[in-house]
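> Quick note on this note's numbering: the sequence shown kicks off at 631 and runs consecutively.
A virtual CB, placed ideally from N, CA and C, is assigned to each residue, including glycine.
Let me give you the structure first, and then I'll get to my questions.
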Amino acid sequence: MLSQELAGQAQSILDFAIHLEHILNNKANLTAQELPDFSSYFAVLPFQRKDLSPEFRIEFDRKGVALWNKCCNLDSSDDSQGTRISLAKVRAFSYFLLESAGSIKRKSHPRLFKIAIKASKSCLNAGLLDIASEVIGQLASKQEQLSKSADHDDLNVDSFPESFRAQYLLLRIALVWRQHRLDLAEHFYVNQLESLQHSLVPERIGELVDLCYEIGDDQLNQKQASLAAKWLGRGCQILFEHSTLMSEADNVELKLSLMHTHVRALLASDNPEDQEGAIEALKTLCKEFPQKLAVILLQMEQYVKDPTANATAFYFELMKVVRSVHLIPSNHKLILHYVHHLKRLSVVKAIRVLDAYIVTRLAPNGEEELTEGTVITLIWLMTSDGVDDVQLKLSDVEESFNKVHQAWGNALSAEATHGVLVLFWKQIEHAFHHDLRDRTVRWCQLALHPLFSNAGDHNIGKLERKIVKCYIDLSKLDAAQEVLETMSSARKQHALSRYLRYTLALRRGNEEEARSALASLATLHDGRNRLLFAAASEALRYGGKTQGALLLQRILDKYNDNLPPEIDAFALLRCTARLLISAVSEPNAVNDELLSRLCGIFKSAALSTQKYQMRQQQATELLLQESRWFEKTSYNTAVQYLKSWPARYLIDLLHYSCQIQYPANVPQGVYCDKLIHEVNSKYIQAILSTVQARSTTPLSTTEDLPKTSYSGKAPPCSPTDIKLTLYRNVFNNYTQIHSHISTLHGSTATNHTTKEVTGGTTQKQIVLAPLAFEALLFMQRSSTYGGPEQGPTAIDEPSLKQIIDQAMALNPPQKTFSIFADMVLSAGTGKLYQPDPGMSGPPVLPASTTVNLLGKLITGLRSYPSYDAAQGAKWIRCMIQVVLDQLETRAPKEMKSSSSDSPDIAAAETHFKKNLSTLAKLTQHALIFARSNNTYPAEELQWLATMLFNLAIDLYLTSSSSSSASTSGFPDGTSKPETGESKATESDGDTQPEPWAKRAVEFAEVLALNTSTRNKGGDDVAMLVRTLRERCHRFKWDV
């Protein structure tokens, strides 16, 4: 009676078998993922007889047979790894079912043994070593039972036990080998299996040889050459001893594989005995199979390993392979592999092999891809380092190329050609580096062979340019020109082609061609401008200074003042400046282009000094030397050509001379010298700018301006803007000079020489003061009447006074005062210059400003001995006349033209009153001066009396016309009084006619008094006094 636990396990196993059978019936292809887990069932199987009831044994037997048969049906349908694993598990499961179902007698049945052997083989092949070990373990217990059994069915009783034992041992050895236990495999083979070899059937002999081969090959792959040689040697020995029992076809192939692998193992072994045996084994192999490819390759492998191998023997063996193998990729790679090794022994023989391979095998059979690759290899051999030892003739190389091209009839593809050109360039550069120009040309010509016609314009042009360069170095100028002419138009436009064209033109002395080539070369966009540097070197060596200077200038333009660190910026700028100065100094017409480039050089020099000053990367002394050179050179050049060069270039040169920066830590004396230099430079700039401003015409354009006059701003467009720009520069130069001189006078480091130089700057200030005043007046005129939309702006009277004060402090000559007075009077009367378009209008300066400025001049003139009452009277008349002119030209017209509701009436009236107030102060000053000085000229007093009385009459008439107009014309809404008896406010006193009439009578009385004193013309003067008084009484004016 079974226990419930065993019954439950048995029933569970049967249910699993039913489920498994169902899966096998519905699945044609099995994978390990589709089958349930066998592990729990393998853990309890097989059962003992006492553990199962007869009914369970019958069911186990039936299900085991069914599952085994299903596996046999599925075994040939799919050979994938997943299917093999699945079927191996099912076979092992079915075997355990059958093992559990067998009776004591049936457990030794041969059929069950066969099933166990097949199941174990299946598990071994599938890699299920644990399951295979369980199955083989079951077989171990059957050896004694098999030999004692009397029931052998239809099998031979004598042969079957030994056959079974041999199969068991083969499985046991295979298992322990797979489990990496070769020591056990060695034990089973030596102690048990070896004694059975004489009685094995051919099938077992084949299995044993295969097993030895598999173990040996596996150990060889694992770098265990000694073990591999042992097992492979056993296989060879067994095969030789039982060769008569095996078929001829199987014997040959198996023998070749075993012997070949055995030789390989012996060759790879570190055992000296194996090494000695390898030589004999290889000889035997070559004798047995002299034409087999594998044997030939093995022999060549020996040549590869032997550094002293016979190159000729290697060559003949390889030629056998070349002539006999099929043209497939693997064989092609094999041939190239051994060609590379033959190259080590003999490059020439390797070249011969490849040459024959291409011409006799590849090219005639149309193997395009293989042919291309082999040609590349051939050229690699021809250009390898070892060729130099045998001095391969380039004519032989050309002949080889001709043979290949003739046999093939095609050219290499673009990709293959590019690979070949890499090899050619190696030889080209090597020959060129060693000054072998003729050999370089020859290699380039070989690279231009029709076989490489797909090189492309870029590569062809590169080779042609190398030929041209070599011909130039060899002084074969005609040959170089011929190569250049044969280039395509695209290759001629290459940067190096343009450079070679320029170089060749210089060497041949063709100026026209050189100019054309230079123009083409300058348009290149090269980040480092190496070609322009090289061209400049060529130009300096074979051309003129102008060409060298132009090339260096183009380099600077391209770098945009950002030269790389490896280039000495000052050296390049200095060289360019010297060349340009030499070029423009030639007795030819002034070249505006060269002058513009010269200015650009000194501009770059100024920027460079500023940049180095900020970085502080150069030594102070070196930077100071460079800065002084550029500073003095630009200044001296400008002074030297003051009369011959256009002013705009001279101004730019002087400006850049001032922009040169010194190091920050220079001595104070050096700094003072720089200030003196800047004073001198700006002095000349101011004079030149004034000359240019005065010569400006309506046809003047921006091109006539110095570029430094509007740097950083939009260029002026109109002639007026051009003149304004120039005058603004004059004023700025004057201001800077004054600032520099003040700094020099305040410096504690000024020596005696510096003091003498600074003393000479006083005269420069005296000369420039009127020019600065002229510039400021024009700037005032431009800003005050810049346009109707802007309206007038305030006059900068303090700046004008400051210039006069600065000039007076220098004790200038009287001529300077005359120049100031002329400009003030011209500005005060509106006659400063010829009016420009859009700038005509009232005077630039108001009357008050004009009077104030003239007053300053008079104050300065009083210190001169030649100043007297006559001069003072003339100055007073000038000031009064300025006020009168503005009264006549501005106030009456504005008051008459403005409508009663115009917003400009109040402003016009205020301006009118201000001018009258100024006039009142002037006449009061003149009256005091006349009364205190009896030498005051009579004609001036008579003019003052007459002028003031006429002014009183004009005011009377103006007041009368205003009283008849609408009262809305005045801010207070009242009418003007018509007589002097009317009351008026104190602010309106200057607009009344009565005070002016009274002032006229006072001047007439002074005139009468002075005349009576001198007893000359008293009657006429008295008549004047009486006439004025009578007319005043007529108007009821109290005088």
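1. Are the region 1232-1239 and the region 1199-1213 touching, with three or more C-beta to C-beta distances below 8 Å?
2. Assign M1509 to one of three DSSP states: helix, strand, or coil.
3. Taking 8 Å as the cut-off, decide whether the C-beta atoms of I1102 and T1070 are in contact.
4. Can you tell me whether Q1177 is buried or exposed, with buried defined as 16 or more other CB within 10 angstroms of its CB?
5. Distance check for H1155 and S1274, CA to CA, integer angstroms please.
6. My guess is that N1545 and Q1516 are in contact by the Cβ rule of under 8 Å, so how many angstroms apart are they, rounded?
7. I need the boundaries of the alpha helix (DSSP H) containing M1117, first residue and last residue.
8. Roughly how many angstroms separate the alpha carbons of T1206 and D1065, rounded to a whole number?
9. Let me check understanding here. Comparing Cα to Cα, which of C842, I1583 and E689 lies closest to A637?
10. Can you tell me where the alpha helix (DSSP H) with H1155 in it begins and where it stops?
11. Would you report the Cα separation of L923 and L800, rounded to the nearest angstrom?
12. How would you call Y1357, buried or exposed, if buried means at least 16 neighbouring beta carbons within 10 angstroms?
13. Between G866 and Q932, what straight-line distance do the alpha-carbon atoms span, to the nearest angstrom?
14. Quick one: residues in its chain with C-beta nearer than 6 Å to the C-beta of H962, no 5 flanking neighbours on either side, listed in chain order?
15. Might you give, ordered along the chain, the residues of its own chain that have their beta carbon closer than 8 Å to the beta carbon of Y1265, omitting 5 neighbours on each side?
16. When DSSP labels each residue in this structure, what does A1439 get in the three-state scheme?
17. Would a C-beta distance cut-off of 8 Å place Q1291 and Q1240 closer than the cut-off?
18. Any contact of the region 812-830 with the region 754-774, i.e. 3+ C-beta pairs under 8 Å?
19. Could you have a look at D840 and say whether DSSP puts it in helix, strand or coil?
20. Between which two residues does the alpha helix (DSSP H) holding E1333 run?
21. For D900, count neighbouring Cβ atoms within 10 angstroms of its own Cβ and tell me buried if that reaches 16, exposed if not.
22. Apart from the five residues on each side of it in sequence, which residues of its chain come closer than 7 Å, Cβ to Cβ, to E1635?
23. Short of 7 Å in beta carbon distance, which residues of its chain neighbour F1455, apart from the five on each side in sequence? Order them along the chain.
24. Could you spell out the range, first to last residue, of the alpha helix (DSSP H) harbouring P684?
25. If you check the beta carbons only, do I1185 and L1203 fall under 8 Å apart?
26. Does DSSP classify T938 as helix, strand or coil?
27. Can you tell me where the alpha helix (DSSP H) with G1178 in it begins and where it stops?
28. So is L984 buried or exposed if we call it buried at 16+ other beta carbons inside 10 Å?
29. What are the boundary residues of the alpha helix (DSSP H) that includes V1300?
30. If you draw a straight line from the alpha carbon of Q854 to that of V952, how long is it in whole angstroms?
31. What is the DSSP secondary structure of P902, counted as helix, strand or coil?
32. Quick one: what does DSSP say C753 is sitting in, helix, strand or coil?
33. On the premise that L1093 lies in contact with R1128, defined as a C-beta separation below 8 Å, what is that separation, rounded to the nearest angstrom?
34. Just to confirm my understanding: we take M1438, look at its own chain, exclude 5 residues before and 5 after, and list those with CB closer than 6 Å. What are they?
35. Say whether the region 1625-1634 touches the region 1543-1557, bearing in mind that this needs 3 or more beta-carbon pairs closer than 8 Å, one atom from each stretch.
36. Can you give me the Cβ contacts of V1481 inside the same chain, cut-off strictly under 6 Å, excluding the 5 residues immediately before and after it?
On the basis of the data shown:
1. yes
2. helix
3. no
4. buried
5. 37 Å
6. 6 Å
7. Taken as a continuous stretch (DSSP letters only), M1117 belongs to no alpha helix (DSSP H), as it is neither H nor E.
8. 32 Å
9. E689
10. Segment: none, H1155 is in no alpha helix (DSSP H) and carries neither H nor E.
11. 33 Å
12. buried
13. The residue you asked about is not Gly; residue 866 is Cys in the sequence shown. Going by the C-alpha atoms only, they are around 22 Å apart.
14. L1000
15. L1283, L1284, S1287, H1307, N1310 and S1311
16. coil
17. yes
18. no
19. helix
20. Where E1333 is concerned, there is no enclosing alpha helix (DSSP H), given that its DSSP letter is neither H nor E.
21. exposed
22. V1655
23. At residue 1455 the sequence reads Leu, which differs from the Phe that was named. So the list reads C1508 and V1512, once near-sequence residues are dropped.
24. P684 to L704
25. no
26. coil
27. K1175 to Y1189
28. buried
29. Q1298 to R1324
30. 33 Å
31. helix
32. helix
33. Between L1093 and R1128 the Cβ distance is about 17 Å, and since that is not below 8 Å, they are no contact.
34. G1490
35. yes
36. M1509 and T1548
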